[in-house]
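Below is one structure; the comments refer to it alone.
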Amino acid sequence: MKEIALRSLKIGMCISSDIFNDLGNIILAKGTEITDRHLDYFTSHNIDHMFVEDQFGNLYESVSPRIEADDKFRNINAHYAQVLNQFKQIYFQAQNADALQVNIDLVEKELEPLIDELLHDNDILGSLRLVSFRESYHFTHAVNVCMLGAMLGKWLNLDRNTIQSIALAGLLHDIGKTQILDALLNKVGPLTLEEKEILKTHSKLGYEMLKSNPEISKDVLAAILFHHERSDGSGYPSGIKEDQTPYLARIIGVVDVFDAVTSDRVYKTGISTFQAFSVLKDESFKGLDPAISEVFLSNIASHFINNRVRLSNGESGEVVYVNRYALNRPLVKLNNGRFVDLSTDYSLDIDTVIK
């Protein structure tokens, strides 16, 4: 780690510590790679020094932002495709099996490059927006939860082996749905009480299918079994409370909800990331681990500075400030130069993040 002046900062360098504003809010997270828009932002906010990674005693060489973006696009899609294809093979195998033997060494080998890419870049939502696969939700949801879980593990300062376990649990957390009819999984209308109870069996079904695999750790199996448990006892399959729910299961629970509500499905369109913040806040009061949720949301929010968004009235603008007490309602500078503070103006919402 090395402290340098803004004039020495180059595109492609990596920030080695969080950058805060005067109010104590994170405006750029540790691990972010510098782009040209960051340089403009630092200049306009009088940030003149920062810490950057200094591996092997040398600063990173300057990289063209276009080349950097193209490389990131290719890398994320290539690694995502490898994990996606691996999961699809497991999924189709599971549809015809009561017990499932998974080559964990092979799965983890496929996961490593994707996890490395994420942990190096830190901007998980930016990475997910680069993914260009049109696949069934059941496939992409598994990989997305795997990626989100790994990144959350980093933000929670967990070690690499634990992050690897979270990623594996995320990939396999819904494998029990292979034992439930597609007609029910994709049903457009409201579910009956009986259908809801059938769907709730998927976590236990997944655990039962995988528990005979000696290579899958007990922590991973517990995360698969208990990721729908809630701290108030309203979850399933056992109705246990937060102090009884395994830590990895609570991590998967947070990212599972986040990806589920922001993803498009055959019967609904996903909500915006900012709207998902409200959902997670509400769910934290009901049963998601509030400490884990707060770490997840605050780190996600730190990457929205300088992102372009579209508001519910159709206007577009740039996020210029994120209020730590209202993470989902930032200050937006519109294209016409006008500022809209969503933390005080509740007549508008953010519909989508443009970039």
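So that you can map any letter, position 91 of the sequence shown is 91 in full-length UniProt numbering, and since no number is skipped, the others follow by simple counting.
For every residue, glycine included, the Cβ atom is placed at its ideal position computed from N, Cα and C.
What you are looking at is a predicted structure, and each value in this text was computed from that prediction instead of being measured.
Separation of residue 162 from residue 320, as counted between CA atoms: Each residue's alpha carbon lies about 35 Å from the other.
Taking all protein chains shown into account, decide if residue 354 is buried (16 or more other Cβ within 10 angstroms of its Cβ) or exposed. exposed
Give every residue of the same chain whose Cβ lies closer than 8 Å to the Cβ of residue 225, excluding the five residues on either side of it in the sequence, and list them in chain order. The residues 203, 204, 206, 207, 237, 249, in chain order, have a CB closer than 8 Å to that of residue 225 in the same chain once the five nearest residues on each side in sequence are set aside.
Residue of 312, 322, 336, 332 minimising C-alpha distance to residue 347: 312
Using 8 Å as the Cβ pair cut-off and three pairs as the minimum, do the segment 214 to 234 and the segment 165 to 182 touch? Output reads yes: the segment 165 to 182 touches the segment 214 to 234.
Report yes or no: do the segment 143 to 162 and the segment 71 to 84 share at least 3 C-beta pairs separated by less than 8 Å? yes
In whole angstroms, give me the CA-to-CA distance for residue 329 and residue 323. For residue 329 and residue 323, the distance between alpha carbons rounds to 7 Å.
Does the segment 290 to 306 come close enough to the segment 181 to 190 that 3 or more CB-CB pairs lie under 8 Å? The segment 181 to 190, when compared against the segment 290 to 306, does not touch it at the 8 Å Cβ threshold.
Taking just the CA atoms, how far does residue 337 sit from residue 108? The straight-line gap separating the alpha-carbon atoms of residue 108 and residue 337 is approximately 48 Å.
Since residue 341 is in the beta strand (DSSP E), which residue starts that stretch and which ends it? 339 to 341
So, under 8 Å CB-CB, residue 131 and residue 77 are touching, yes? Tell me the CB distance rounded to an integer number of Å. A Cβ-Cβ separation of about 6 Å places residue 131 in contact with residue 77 under the 8 Å criterion.
If residue 317 sits next to residue 306, beta carbons under 8 Å apart, how far is it from one beta carbon to the other, in whole angstroms? By a beta-carbon distance limit of 8 Å, residue 317 does not contact residue 306. Their separation comes to about 11 Å.
Top-ranked residue by Cα proximity to residue 244, from 257, 271, 278, 289: 289
Under 8 Å, do residue 254 and residue 292 count as touching if we go by C-beta distance? yes
Other residues of its chain near residue 339: CB distance less than 8 Å, five sequence neighbours each side excluded: 320, 331, 332, 333
According to DSSP, is residue 266 part of a helix, a strand, or is it coil? coil
Measuring from the CB of residue 171, is there a heavy atom of the ligand SAM at a distance below 7 Å? Absent from the structure shown: the ligand SAM. Ligands present: none.
Proximal residues to residue 287 (C-beta, below 7 Å), its chain only, five neighbours per side dropped: 230, 231, 232, 234, 235
Residue 152 versus 175, 178, 123, residue with shortest Cα-Cα distance: 123
For the alpha helix (DSSP H) that residue 216 lies in, which residues bound it at each end? From DSSP, residue 216 is part of no alpha helix (DSSP H); its letter is neither H nor E.
Which parts of the segment 269 to 339 are runs of the alpha helix (DSSP H), unbroken and 4 residues or longer, counting only runs that do not cross its ends? 273 to 286, 290 to 302
Considering only residues of the same chain and omitting the five flanking positions on each side of residue 264, which have a CB-CB separation below 7 Å? 270
Boundaries (first-last residue) of the alpha helix (DSSP H) holding residue 433: With the chain covering 1 to 355 only, the question about residue 433 has no answer from this structure.
May I ask you to report which of helix, strand or coil DSSP gives residue 351? strand
List the whole-angstrom C-beta distance separating residue 227 from residue 173, where the pair is believed to meet the contact cut-off of C-beta under 8 Å. Residue 227 to residue 173, Cβ: 5 Å. Contact.
Residues bridged to residue 33 by DSSP? 14
Beta-carbon of residue 291 versus every beta-carbon of chain C: anything under 8 Å? Absence of chain C from the displayed structure is noted, only one protein chain being present.
Quick check: what's the CA-CA separation for residue 101 versus residue 247? 25 Å
Boundaries (first-last residue) of the alpha helix (DSSP H) holding residue 196: In the DSSP annotation of this structure, the continuous segment of the alpha helix (DSSP H) that includes residue 196 starts and ends at 193 to 200.
Boundaries (first-last residue) of the alpha helix (DSSP H) holding residue 111: 104 to 121
Report the rounded CA-to-CA distance for residue 158 versus residue 33, giving the unit in angstroms. 21 Å
Cα-Cα separation between residue 139 and residue 194, rounded to whole angstroms: 25 Å
Label residue 283 either buried or exposed according to how many other C-beta atoms from any shown protein chain fall within 10 Å of its C-beta, with 16 as the threshold for buried. buried
Extent of the continuous alpha helix (DSSP H) to which residue 137 belongs: 137 to 155
Do you know whose CA, among 285, 304, 349, 344, lies nearest residue 314's CA? 349
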